[in-house]
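I have placed the structure first, in the form of structure tokens, so that the comments after it can refer back to it.
Protein chains: 2
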Amino acid sequence: MIEPVSRSFAIMEALSRRPRGTVAVLAGETHLPRPTVVRLLKTLVELGYATRISREAGYRLTDKVLGLAQGIRFVDRLIDAAAPHMSRFTRRYGWPLYLGTISDRAMTIRHSTATESPMSFERTALQRRSPLLSSALGRAWLAFCPAEERRGVLRHLGVKPDAKLAAAFARIRSDGYAFTVLPRSGRLQGIGVAIRDGERVMGCLSMRFIRSAMTEDEAGRRYGAPLNALAAAIAADADR
Amino acid sequence: MIEPVSRSFAIMEALSRRPRGTVAVLAGETHLPRPTVVRLLKTLVELGYATRISREAGYRLTDKVLGLAQGIRFVDRLIDAAAPHMSRFTRRYGWPLYLGTISDRAMTIRHSTATESPMSFERTALQRRSPLLSSALGRAWLAFCPAEERRGVLRHLGVKPDAKLAAAFARIRSDGYAFTVLPRSGRLQGIGVAIRDGERVMGCLSMRFIRSAMTEDEAGRRYGAPLNALAAAIAADADR
DNA sequence: TCGACAAAGTTCGTATTACGGAATAGCCTT
DNA sequence: AAGGCTATTCCGTAATACGAACTTTGTCGA
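Listed in order, the protein sequences are those of chains A and B.
This note's numbering applies: residue 595 is where the first sequence begins, and numbers increase by one.
This note's numbering applies: residue 595 is where the second sequence begins, and numbers increase by one.
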């Protein structure tokens, strides 16, 4: 961990939380001595990521930080590509779909057709995070991502990769879809597939349905193929 | 300029330009030795801004960088685009400039070159609010904004839109600039123009001068065109 | 207009810490 | 199984970031 780098990001994070910040405020929040804050700010200004407003008003971030996020906007491209396909699916089959991407040890819901579904049983779940190990989204992602990444993530989660887990992922890969691991009382079930571009998993789709409507086997037989076709169509659109 | 900070941003910028990057590619593009790149990447990963995908695919930025951009609003982009133009203007003509945007029944001063002006007669006026009806900033905004928006704002201010007012706005539109409506005793005068993008008014500029230095007519003749050129240049820069 | 206060910014001697060449480990290809 | 390539770790060294003390600058009250 390179200290100056860590400190510079502490300053940027503190600045990102307010329209502008004075040296005193930033020093207080980051627990850094004032000269250090001044020096770091000078560097950030020189690099173009911050601007000095005035002595009293302090500093603020510039829109150059938007440039750093440029690549991240890929997520948006994925959503743009996926949305019409997902809507068509939901219109045709009725069940709501969720699109999630990996984000720091969990899947984050980026888009959903829950509002368009007649069987909409949940409020809008945007930005909600789903567990990697038990949700259909997370299990689909883990099963299809590169083995090395999977190992890293499991280690990060503090999970020992055992034979049982490996078998579960192998099963998901051969089936082409994953299911939510439900407690006995769970009423809602999910079936998840991966949106793949070669080795890379761009995101995952999950269709949610009521447990009493069909068994896992039925869900797989009926919707496995359509869901994978959907994922393939989205993948094709997403990287133009 | 703190070297490690500068280098870490070089890495992030290189990463932001591609979906993922290997150590070799990043080292090549940043002209840094590979061990340094590895060390910086480790730090970025530890901080959560980057993730290791796999040995061959390398690293990618995470969506945590979006968090840094959360505070950047459109206003900042406008200021970033405007600031250098405004400074050049003040250096050339001497008079201080103010940049304001509409904000709940008043214009809020977002940026000013008052401190850079030899004729600086006011303290820092940042965040100060100027009345819509009497300030040059406000009158420029009202005159050039869409008619429907103007009607709404006037109603909101409790002002009956009469013929006199309509004529004043028509005059501003044909002149291309507005003036402060001063009490007899006022010493400072302002001339304002709109920064436009099609129908939309992104913000307004106002140049302030001492009343005894010139009449309104003279100010309009001398500075009307340069101010509008300035506004056009800013508008062009602001939406790339 | 002045003076006291507060906060920003600078200096500089020191010790930390980042640096990078060389060695090693890890992965893929043949 | 071995070779070749690249990522990663090591470690002695020197550069450089650090921060206590000091100076400057702007604000606010009288």
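Heads up, the beta-carbon is just placed ideally off N, CA and C, and yes, glycines get one too.
Handout entry: Beta-carbon neighbours of A/Met680, restricted to chain B and to distances below 8 Å
Key = Near A/Met680 there are no residues of chain B at all, since even the closest Cβ is about 20 Å away, more than 8 Å.
Exercise for the section: Taking only beta-carbon positions, decide if B/Arg723 is within less than 8 Å of chain A. Expected result: no
Exercise for the section: Could you tell me which of A/Ile605, A/Thr616, A/Ser610 sits nearest to A/Thr624, measuring between CA atoms? Expected result: Selected option, being the one with the closest Cα: A/Ile605.
Practice task
Please determine, among B/Tyr817, B/Glu793, B/Glu810, the residue with the shortest C-alpha to C-alpha distance to B/Leu799.
Solution key: B/Tyr817
Practice task
Taking only beta-carbon positions, decide if B/Met801 is within less than 8 Å of chain A.
Solution key: Not one chain A Cβ lies under 8 Å of B/Met801.
Practice task
Out of A/Pro755, A/Ala819, A/Glu793, A/Gly752, state which residue places its alpha-carbon closest to the alpha-carbon of A/Ile785.
Solution key: Out of A/Pro755, A/Ala819, A/Glu793, A/Gly752, A/Ala819 has the C-alpha closest to the C-alpha of A/Ile785.
Exercise for the section: Examine chain A for any beta-carbon lying closer than 8 Å to the beta-carbon of B/Val632, and answer yes or no. Expected result: no
Practice task
Would you check if there are 3 or more beta carbon pairs closer than 8 Å linking the segment 642-657 of chain B to the segment 682-694 of chain B?
Solution key: no
Problem - Residues from the segment 759-771 of chain B in contact with chain A, defined by Cβ distance under 8 Å - result: none
Practice task
Quick one: using the 10 Å Cβ neighbour count with 16 as the cut-off for buried, is B/Ile804 buried or exposed?
Solution key: Exposed is the call here.
Exercise for the section: Check the DSSP bridge columns for A/Gln664 and list the partner residues they point to. Expected result: Bridge partners of A/Gln664: none, in fact.
Problem - Start-to-end residues for the beta strand (DSSP E) that takes in B/Tyr817 - result: Careful: B/Tyr817 lies outside any beta strand (DSSP E), inside the alpha helix (DSSP H) at 810-832.
Practice task
Check whether the Cβ of B/Ser602 lies closer than 8 Å to any Cβ atom in chain A.
Solution key: yes
Practice task
Please name the residue, chosen from A/Gly615, A/Gly770, A/Asp674, A/Trp735, that lies closest to A/Glu650 on a Cα-to-Cα basis.
Solution key: Taking the Cα of A/Glu650 as reference, the smallest distance to any Cα among A/Gly615, A/Gly770, A/Asp674, A/Trp735 is reached at A/Gly615.
Handout entry: Closest Cα partner of A/Gly732 within the set A/Ile789, A/Lys754, A/Gly688
Key = A/Ile789
Handout entry: Neighbourhood of A/His705 by C-beta, 8 Å cutoff - its chain only, sequence neighbours within 5 removed
Key = Ile673, Ala676, Ala677, Met680, Tyr692, Leu693, Leu720
Problem - Contact set between the segment 733-748 of chain B and chain A, restricted to residues whose Cβ is under 7 Å from the partner - result: none
Problem - A/Arg671 and A/Met701 closer than 8 Å at C-beta - result: no
Practice task
Measure how close the beta-carbons of A/Val795 and A/Trp735 come, nearest whole angstrom, since I'm counting them as under 8 Å.
Solution key: 6 Å
Exercise for the section: Label B/Gly792 either buried or exposed according to how many other C-beta atoms from any shown protein chain fall within 10 Å of its C-beta, with 16 as the threshold for buried. Expected result: exposed
Exercise for the section: Return the residue from the list B/Met595, B/Leu727, B/Ile647 that minimises the CA-CA distance to B/Lys758. Expected result: B/Leu727
Problem - Alpha carbon of A/Thr774 to alpha carbon of A/Leu824, nearest angstrom - result: Each residue's alpha carbon lies about 19 Å from the other.
Exercise for the section: Could you tell me whether the Cβ of B/Phe789 comes closer than 8 Å to any Cβ of chain A? Expected result: What sits at residue 789 of chain B in the sequence shown is Ile, not Phe. So no, B/Ile789 is outside the interface.
Practice task
Below 7 Å CB to CB, which residues in the same chain sit around B/Thr707 once its five sequence neighbours on both sides are set aside?
Solution key: Met680, Ser681, Thr684, Pro690, Leu691
Handout entry: C-beta contact flag for B/Gly814 and B/Asp769 at 8 Å
Key = At the C-beta level, B/Gly814 and B/Asp769 come within 8 Å of one another.
Practice task
Rounded to whole angstroms, what's the CA-CA distance from B/Gly780 to A/Tyr653? Just pull it up for me.
Solution key: 33 Å
Problem - Complete beta strand (DSSP E) runs within the segment 762-802 of chain A (minimum length 3 residues, chain order) - result: 782-791
Practice task
Starting from A/Leu691, follow the alpha helix (DSSP H) in both directions and report where the run begins and ends.
Solution key: Where A/Leu691 is concerned, there is no enclosing alpha helix (DSSP H), although the beta strand (DSSP E) it sits in stretches over 691-696.
Handout entry: Given A/Ala730 as reference, the closest of A/Ala772, A/Ala741, A/Lys754 once Cα atoms are compared
Key = A/Ala772
Handout entry: Residue range of the unbroken alpha helix (DSSP H) whose run includes B/Pro629
Key = 628-641
Handout entry: Alpha-carbon to alpha-carbon, A/Ser602 and A/Leu635
Key = 8 Å
Handout entry: A/Pro725 - partner residues in DSSP beta bridges
Key = For A/Pro725, which the question treats as bridged, DSSP gives the partners A/Ala700.
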